[in-house]
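**Q** If you count by our numbering, then the sequence shown holds residues 2 to 147, one letter each, in order.
We put the CB at the ideal spot given by N, CA and C, even for glycine.
Sharing a structure, written as C-alpha cells. Questions coming.
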Amino acid sequence: KNHKLFFCGDHILDEITPNITFWGFEQDILATYFKSLNKVYEYEIDYLFTAHRKIIRDHRKRITELLHHHDERLNEILTILKDGMKTPVEVAASMHWDISHKKWSDFPSSQMWFASGEALSHLEHLVYMGHIERMNEAGTLLYGHK
2 KNHKLFFCGD HILDEITPNI TFWGFEQDIL ATYFKSLNKV YEYEIDYLFT AHRKIIRDHR
62 KRITELLHHH DERLNEILTI LKDGMKTPVE VAASMHWDIS HKKWSDFPSS QMWFASGEAL
122 SHLEHLVYMG HIERMNEAGT LLYGHK
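Listed below in C-alpha cells is the structure:
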C-alpha cells in the first residue's frame with residue numbers, strides 16, 4: 002500500500018510548539034517559518050512523523066493551530082508593549098508560558114533562554130511588519146510601538 006509520509010523533525014510538533022528562536026537580524030525568521038508551514042500545508046500527507054511525541058494524521062489542522070498560536074503570541078506582545086519600550090527579556094517575562102513554573106524568576110535558565118529567543122523572533126517579525134520599532138540604547142535592545 003502506498004502511503005504519503007512526511008518526516009518533519011521539529012518543524013511541526015503535536016501538542017507542543019516548536020521553539021522558533023532568533024538567529025540574527027539578517028532575516029525575518031518567523032516569516033520564513035510561516036512560509037514553510039504554508040508550503041507543507043499544501044502537501045498531500047497521510048502520516049506526518051515529528052521528532053517528539055505523536056504521529057500527526059491531519060497536518061493541515063495542526064498547521065492551522067500553529068499559525069493561530071503564533072498570531073496569538075504576536076497580539077500578546079503588542080499588548081505587552083502598550084506599557085512602553087521593553088527589552089526582549091522583559092517581554093518574555095511578561096508573556097504566558099505553558100510550563101509548570103508560573104513566575105519568571107522560577108524558570109530554569111534554559112527555559113528563560115528558549116523563551117527569550119522566541120520572544121525576540123516574534124519582536125523582530127513585528128519590526129519587519131512595521132508594527133513596532135527597535136531601538137539600541139547603549140547596547141540594550143528596546144522594542145515598542147511607533
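Give every residue of the same chain whose Cβ lies closer than 7 Å to the Cβ of residue 98, excluding the five residues on either side of it in the sequence, and list them in chain order.
**A** On the sequence shown, position 97 is the one that residue 98 refers to. Once the five neighbours on either side are set aside, the close Cβ partners of residue 98 are 116.
**Q** How is the alpha helix (DSSP H) around residue 76 delimited, first residue to last?
**A** For the purposes of this step, residue 76 is taken as the residue at position 75 of the sequence shown. Run containing residue 76: 60-81, per the alpha helix (DSSP H) assignment.
**Q** In angstroms with no decimal places, state the Cα-to-Cα distance between residue 89 and residue 67.
**A** Within the sequence shown, numbered from 1, the residue matching residue 89 stands at position 88. Within the sequence shown, numbered from 1, the residue matching residue 67 stands at position 66. Distance between the alpha carbons of residue 89 and residue 67 is about 22 Å.
**Q** Could you give the DSSP three-state label for residue 103: helix, strand or coil?
**A** Here residue 103 is taken as the residue at index 102 of the sequence shown, counted from 1. Of the three classes helix, strand and coil, the one that applies to residue 103 here is coil, per DSSP.
**Q** Based on Cα-Cα distance, which residue from 56, 47 and 69 lies nearest to residue 38?
**A** Here residue 38 refers to the residue found at position 37 of the sequence shown. Closest by alpha carbon: 69.
**Q** So, at 8 Å on beta carbons, what are the nonlocal neighbours of residue 81 in its own chain, with the 5 sequence-adjacent residues on each side left out?
**A** Taking the first residue of the sequence shown as 1, we reach residue 81 at position 80. Contacts found: 87, 92, 95 and 96.
**Q** Return the Cβ separation of residue 51 and residue 9 in integer angstroms, given the expectation that the two are a contact with Cβ distance under 8 Å.
**A** Taking the first residue of the sequence shown as position 1, residue 51 is located at position 50. Taking the first residue of the sequence shown as position 1, residue 9 is located at position 8. At roughly 6 Å, the Cβ-Cβ gap stays under 8 Å, so residue 51 and residue 9 are in contact.
**Q** For my contact list, residue 123 and residue 74 are in at a C-beta cut-off of 8 Å; report their separation, rounded to the angstrom.
**A** The residue labelled residue 123 in the question sits at position 122 within the sequence shown. The residue labelled residue 74 in the question sits at position 73 within the sequence shown. The pair is a contact, with the Cβ atoms about 5 Å apart (cut-off 8 Å).
**Q** Determine the DSSP secondary structure at residue 8, reduced to helix, strand or coil.
**A** Translated into positions along the sequence shown, residue 8 becomes position 7. Residue 8: strand per DSSP, three-state reduction.
**Q** What's the C-alpha gap between residue 77 and residue 4?
**A** Residue mapping note: residue 77 aligns to position 76 of the sequence shown, counting from 1. Residue mapping note: residue 4 aligns to position 3 of the sequence shown, counting from 1. Answer to the nearest angstrom: the Cα atoms are 39 Å apart.
**Q** Quick check: residue 41 and residue 60, are their CB atoms within less than 8 Å of each other?
**A** Along the sequence shown, read from residue 1 onward, the residue named residue 41 stands at position 40. Along the sequence shown, read from residue 1 onward, the residue named residue 60 stands at position 59. Yes, these two residues count as a Cβ contact at 8 Å.
**Q** Which of helix, strand or coil does DSSP assign to residue 137?
**A** Position 136 of the sequence shown holds residue 137. If DSSP states are grouped into helix, strand and coil, residue 137 belongs with the strands.
**Q** Measuring straight from C-alpha to C-alpha, what distance separates residue 18 and residue 138?
**A** As a position in the sequence shown, residue 18 is number 17, starting the count at 1. As a position in the sequence shown, residue 138 is number 137, starting the count at 1. Taking the straight line from one Cα to the other gives about 32 Å.
**Q** Please report how far the alpha carbon of residue 107 lies from the alpha carbon of residue 22, in whole angstroms.
**A** Walking along the sequence shown from the start, residue 107 turns up at place 106. Walking along the sequence shown from the start, residue 22 turns up at place 21. Going from the Cα of residue 107 to the Cα of residue 22 covers about 21 Å.
**Q** Mind checking who residue 87 pairs with in its DSSP beta bridge?
**A** As a working note, residue 87 is residue 86 in the sequence shown. Beta-bridge pairing links residue 87 to 144.
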